[in-house]
Amino acid sequence: MLKVSDLAVEFTVDKKTIRPISGISFEMQKGEVLGVVGETGSGKSLTAHAIMGLTSLVGGKISGQIVFEGKDLLSKSHKDMQSIRGAEISFIPQNPMTSLDPVYRVGDQIVEGLLKHLKITKWAAKKRAIELMEQLRIPNAERVFEQYPHQLSGGLKQRIVIAIGIGTEPKLIIADEPTTALDVTVQAQIIRLFKELTVANNVGLLLITHDLGVIAQICDKIAVMYAGNVVEHGDIKTVFSDPKHPYTRALLDCIPYIGMKKGSLKAIEGNVPTPSNFPKGCRYSSRCPYVIPQCKTEFPETIELACGTKVTCNKFDLNLPRH
């Protein structure tokens with residue numbers, strides 16, 4: 010369904026060229042859920058924007074290859090991408106507070122996409138919009154339909170954005186932190202809905218999140234990003250049970266669990282480097298407890314292991330200890 014190969018995005022800032030993401034490669038099949046995880050600044054959202062063809066609108070230059078349903082998206086014109094966005098590939102943005110038009114009723118914002126891409130009557134579109142809102146557990150859906158964004162809570166706005174994203178029955182949904190503003194009960198319902206969509210309609214879901222708990226519940230595969238690169242990519246069960254990259258292991262160690270000792274909450278020391286200050290070698294080398302001199306000077310190759318996991322690390326064969 011989707012194949013991304015050696016994707017990179019460049020920006021020119023103060024006459025200097027920076028590459029916030031580079032060498033991004035992964036594949037998705039129909040009905041598959043791929044979770045993209047990493048700290049803030051790892052390039053998750055920018056990768057999603059590049060797939061949607063949105064980075065060029067703000068001066069970004071994209072290279073590499075993005076093939077969706079046999080079509081090379083990078084060769085498509087802006088007009089062609091407008092017909093693909095929303096209809097075949099939908100995007101659920103990260104921040105519902107700024108994604109909704111403040112002077113436009115939320116119901117009409119759902120209806121707008123339905124009218125454009127499904128070619129149905131306005132009455133049918135309104136009926137479909139209310140059904141979507143009810144499906145997303147929005148109480149008093151008909152009343153909320155008539156309201157404006159400022160009248161809704163953050164959680165309700167989030168669900169309106171999700172309704173816009175799933176309503177046009179796309180083949181691929183790219184969801185950027187779709188459950189962030191939701192309480193755990195509604196979050197569980199939304200995760201269940203996403204899973205039902207992928208199974209019943211064979212829809213692909215690219216789920217961007219920092220929450221490994223959400224990843225574990227819904228995803229078939231996982232791509233771990235760090236400082237603009239995919240450092241590990243593979244089957245969710247394999248990666249969770251036997252992580253090959255030190256960063257993946259560190260992320261898993263940060264997950265709190267029932268029965269853990271008081272005061273034993275772990276954190277990864279240091280910070281993600283900025284795109285203008287990426288190190289020459291491995292970008293995780295300054296934070297990695299397994300660093301060797303080679304890591305400081307050589308960017309590691311991506312290697313596919315016998316288990317199917319792809320890892321970008323000079324010491325991928327380490328038997329990483331569990332803490």
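Each residue of the sequence shown is one higher than the one before, counting from 10 in the numbering used here.
Using N, Cα and C, we set each Cβ at its ideal position, and we do this for glycine too.
Exercise. What's the gap between the Cα of residue 229 and the Cα of residue 261?
Worked result: 17 Å
Exercise. How about the region 101-119 and the region 170-178: do they share at least three Cβ pairs that are nearer than 8 Å?
Worked result: yes
Problem set entry | Beta-carbon spacing of residue 253, residue 153 below 7 Å | No. Outside cutoff.
For this session: Please specify which runs of the alpha helix (DSSP H), each continuous and at least 4 residues long, are wholly inside the region 120-175, giving them in chain order.
Result: 131-144, 150-154 and 163-175
Exercise. Taking C-alpha atoms, which residue in 140, 15 and 91 lies nearest to residue 151?
Worked result: 140
Exercise. How many Å lie between residue 182 and residue 129 at the Cα?
Worked result: 21 Å
Problem set entry | Candidates 32, 12, 68 and 43, of which the one nearest residue 207 by Cα | Looking at the Cα atoms, 43 is the closest of the given residues.
For this session: Measuring alpha carbon to alpha carbon, tell me which of 188, 202, 236 and 211 ends up nearest residue 221.
Result: 188
Exercise. Mapping DSSP to helix, strand and coil, what is residue 81?
Worked result: strand
For this session: Quick one: using the 10 Å Cβ neighbour count with 16 as the cut-off for buried, is residue 330 buried or exposed?
Result: Residue confidence is low: residue 330 scores 48 on pLDDT, short of 50, so the model does not pin down where it sits. Its coordinate-derived value is still stated next. Exposed, because fewer than 16 other Cβ atoms sit within 10 Å of the Cβ of residue 330.
Problem set entry | Residues sharing a beta bridge with residue 242, DSSP | Residue 242 pairs with 232 and 319.
Problem set entry | Assigned secondary structure, residue 12 (DSSP; H/G/I helix, E/B strand, else coil) | strand
For this session: List the endpoints of the continuous beta strand (DSSP E) containing residue 44.
Result: In the DSSP annotation of this structure, the continuous segment of the beta strand (DSSP E) that includes residue 44 starts and ends at 42-46.
Exercise. Should the region 85-97 be called in touch with the region 117-136, which here means at least 3 C-beta pairs below 8 Å?
Worked result: yes
For this session: Could you name the residues that DSSP lists as bridge partners for residue 35?
Result: 13
Exercise. Which word fits residue 265, buried or exposed, when buried means at least 16 other C-beta atoms lie within 10 angstroms of its C-beta?
Worked result: exposed
Problem set entry | Supposed contact pair residue 81 and residue 74 - C-beta distance, whole angstroms, cut 8 Å | 7 Å
For this session: Could you tell me which residues DSSP pairs with residue 185 in its beta bridges?
Result: 217
Exercise. Taking all protein chains shown into account, do 16 or more other C-beta atoms lie within 10 angstroms of the C-beta of residue 298, making it buried, or fewer, making it exposed?
Worked result: exposed
Problem set entry | Segments of 3+ residues assigned as beta strand (DSSP E) that fall wholly inside the region 70-117 | 70-77 and 98-101
Problem set entry | Assumed close pair residue 164, residue 195 - CB separation to whole angstroms, cut-off 8 Å | 6 Å
Exercise. What is the rounded straight-line gap between the Cα of residue 178 and the Cα of residue 304?
Worked result: 45 Å
Problem set entry | residue 332, DSSP secondary structure in three states | Because residue 332 sits at a pLDDT of 40, beneath the cut-off of 50, its placement in the model cannot be relied upon, and the following sentence gives the value as read from the coordinates. If DSSP states are grouped into helix, strand and coil, residue 332 belongs with coil.
Exercise. How would you label residue 68, buried or exposed, when you count the other beta carbons within 10 angstroms and need 16 or more for buried?
Worked result: exposed
Exercise. At a cut of 8 Å, does the region 51-61 reach the region 287-297 through at least three beta carbon pairs?
Worked result: no
Exercise. Excluding sequence positions up to five away, which residues of its chain have a Cβ less than 8 Å from the Cβ of residue 17?
Worked result: 28, 30, 31, 32, 33, 71, 72 and 73
Exercise. Residue 223 and residue 233 look like a contact to me (Cβ under 8 Å); what is the Cβ gap, rounded to whole Å?
Worked result: Going by Cβ atoms, the distance from residue 223 to residue 233 rounds to 14 Å, so no, they are not a contact pair.
Exercise. Which residues bound the alpha helix (DSSP H) around residue 207?
Worked result: 193-210
For this session: Report yes if the CB atom of residue 120 is closer than 7 Å to the CB atom of residue 136, and no otherwise.
Result: no
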